[in-house]
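Participant: Following full-length UniProt numbering from start to finish, the sequence shown increments by one per residue and tops out at 352.
Think of the CB as a built atom: it goes at the ideal place given N, C-alpha and C, for glycine as much as any other residue.
The structure presented is a predicted model; accordingly, all values stated were derived computationally and were not measured.
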Amino acid sequence: MQAIGATGALAVAGCLGGDTQTDSGNGDQSAAEDEGLPAAKAVDVDRIARDPTDIPDPVDWNEPREHDVTIRTERVTAEIEPGVTFDYMTFEGQVPGPMLRVRRGDRVNLTFDVPDDLNVAAHNMDFHAVYGPGGGADATTIAPGDDPTQISFTADYAGVFIYHCAIPNMDQHISSGMFGSILVEPEDGLPEVDNEFYLGQHEIYTDGDLGEEGHHGFDFDAMLKEEPTYVVFNGQAYGFTPDGGVPMEANTGETARVYFANGGPNLLSSWHAIGNVWSRFYRDGDLLTDPDLNVETAPVAPGTTAAAEMEFPVPGPVKIVDHALTRAARRGALGVVDVSGEPTRDIYDEDP
């Protein structure tokens with residue numbers, strides 16, 4: 001069992017590459033197989049995972065506004081887990097890209113830039129919330145060396161939506177980290193909650209084995225087979241657990257809303273909170289229809305941002321997972337909300 005698999009299983013219970021080489025039967029092995037992966041690279045950022053509390057404040061205005069937004073692409077080397085490095089493609093240096101938050105009817109003036117010094121490829125932005133060719137992708141397509149491009153759009157759909165890079169190699173770019181969310185609040189706003197968290201799930205396809213130390217390159221063959229090495233939240237395996245990083249935090253008696261973007265590019269997520277339920281679930285990012293109530297596990301398709309709320313009546317860890325459990329137990333798709341405080345109701349006794 002790989003080390004990461006053992007860690008993950010315990011937690012739940014409580015750019016080119018090729019196929020992995022196989023023995024041809026004559027004992028011959030390639031030089032690449034003999035040598036293994038290259039050594040892990042020096043990292044450009046200490047942590048690829050965007051802070052899940054890095055969310056703009058709720059809308060507090062009643063009339064349409066204009067928002068001037070600049071987003072730059074950054075190619076950075078970071079750790080998927082300790083000792084395992086990977087070259088990520090990102091919006092603004094972390095995964096997922098920054099959350100944008102506006103009110104329905106607001107105007108967004110977007111400047112998109114691909115700086116020379118941190119990029120080697122063309123990029124663009126496809127907003128699922130935008131009327132227009134390619135959701136803005138046609139007009140924002142630029143390569144390193146090109147001048148920044150601008151588009152302007154009215155946020156006409158209320159809801160929470162994904163955005164992503166959409167050049168022809170969009171699946172590779174999304175897998176490498178190029179996706180995020182835009183929240184378009186309804187005119188009357190959203191119900192008030194005590195905490196908000198922002199998570200993005202995606203698959204990483206590499207030419208190394210799960211947990212193998214060294215620098216992992218991107219594996220197109222694995223992506224074509226839809227056989228990821230890692231399935232992670234915010235670009236990092238177990239980045240929001242006590243052992244693997246920094247858990248999310250809340251107190252008993254509080255509420256939380258989680259925005260969950262499934263960048264994919266390929267796998268549906270079976271989104272579940274262990275030790276809790278989604279008391280109000282906004283399916284497919286629909287913020288206008290009455291939410292579904294007390295949902296245990298919900299499908300979130302690739303290319304979708306969902307939203308869900310929960311309460312914390314008792315202390316202890318609430319584990320957010322993809323309930324395709326091998327992904328949570330072995331490939332990295334697990335985060336923890338560490339709930340502190342005294343019980344607010346007599347609904348659970350672990351030692352009766």
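#1: State the Cα-Cα distance for the pair V108 and L37, rounded to the nearest angstrom.
#2: Taking only three categories from DSSP, how would you classify R47?
#3: Taking P274 as the reference, give the member of P52, L325 and N262 with the closest Cα.
#4: The beta strand (DSSP E) with I55 in it runs from where to where?
#5: When DSSP labels each residue in this structure, what does P352 get in the three-state scheme?
#6: Are the beta-carbon atoms belonging to R257 and A301 less than 8 angstroms from one another?
#7: Using the Cα positions of E203 and A222, report the straight-line distance between them to the nearest angstrom.
#8: Under the three-state reduction of DSSP, which class applies to P299: helix, strand or coil?
#9: In the region 148-210, which residue ranges form an unbroken beta strand (DSSP E) of at least 3 residues, counting only runs that do not cross its ends?
#10: State the Cα-Cα distance for the pair G217 and D243, rounded to the nearest angstrom.
#11: Select from F220, Y198, E227 and D207 the residue whose C-alpha is nearest the C-alpha of G235.
#12: Within 10 angstroms of its Cβ, does Q21 collect 16 or more other Cβ (buried), or is it exposed?
#13: Measuring CB to CB, does F281 end up less than 8 angstroms from D292?
#14: So for K41, helix, strand or coil by DSSP?
#15: Hey, which unbroken runs of the beta strand (DSSP E) at 3 residues or more fall wholly within the region 256-292?
#16: Taking the beta strand (DSSP E) that L110 falls in, what are its first and last residues?
#17: If you reduce the DSSP assignment to three classes, tell me which class E35 lands in.
#18: Helix, strand or coil for P317 per DSSP?
#19: Rounding to the nearest angstrom, what Cα-Cα distance links L224 and N124 in this structure?
#20: Cα separation between D207 and D284?
#21: Is the distance from the Cβ of A250 to the Cβ of I162 below 8 angstroms?
#22: Only counting the same chain, and skipping five residues up and downstream in sequence, which positions put a Cβ closer than 8 angstroms to that of T255?
#23: Looking at the strands, I want to know which residues DSSP matches up with A306.
#24: Taking only the alpha-carbon atoms, compute the straight-line gap between A166 and P317 and give it to the nearest angstrom.
#25: Taking a contact to mean a Cβ-Cβ separation below 8 angstroms, would you say A49 touches V95 in this structure?
Facilitator: Straight from the coordinates:
#1: Distance between the alpha carbons of V108 and L37: 44 angstroms.
#2: Coil, per DSSP.
#3: It should be noted that the sequence gives Ile, not Pro, for residue 274. Residue nearest to I274 within the set P52, L325 and N262 is L325 (criterion: CA-CA distance).
#4: Note, I55: premise wrong, no beta strand (DSSP E); not H, not E.
#5: Here P352 sits in coil by DSSP.
#6: No, the pair does not count as a contact, with Cβ atoms beyond the cut-off.
#7: If you draw a straight line from the Cα of E203 to the Cα of A222, it comes to about 11 angstroms.
#8: DSSP, reduced to helix, strand and coil, places P299 within a strand of the structure shown.
#9: The qualifying runs are 149-154, 159-164, 179-185 and 195-204.
#10: Cα to Cα, G217 sits roughly 26 angstroms from D243.
#11: Residue Y198 is the option with its Cα nearest to G235.
#12: With a pLDDT of only 32 at Q21, under 50, the local geometry of the prediction cannot be trusted, and the value read off the model is given with reservation. With fewer than 16 Cβ atoms within 10 Å of its Cβ, Q21 is classed as exposed.
#13: Less than 8 angstroms separates the beta-carbon of F281 from that of D292.
#14: Three-state result, K41: coil.
#15: 269-274 and 278-282, all fully within the region 256-292.
#16: For L110, the uninterrupted beta strand (DSSP E) run begins and ends at R107 to D113, by DSSP.
#17: Of the three classes helix, strand and coil, the one that applies to E35 here is helix, per DSSP.
#18: Residue state, collapsed to three classes: strand.
#19: Approximately 22 angstroms, taken between the alpha carbons.
#20: Spanning the two alpha carbons is a distance of roughly 33 angstroms.
#21: In this structure, I162 does not lie closer than 8 angstroms to A250 by Cβ.
#22: In chain order, V193, D194, N195, E309, M310, E311 and F312 place their CB closer than 8 angstroms to the CB of T255, counting only its own chain and leaving out the 5 sequence neighbours on each side.
#23: DSSP lists F260 as the bridge partner or partners of A306.
#24: Rounded to the nearest angstrom, the two C-alpha atoms are 37 angstroms apart.
#25: Yes, the pair counts as a contact, with Cβ atoms nearer than the cut-off.
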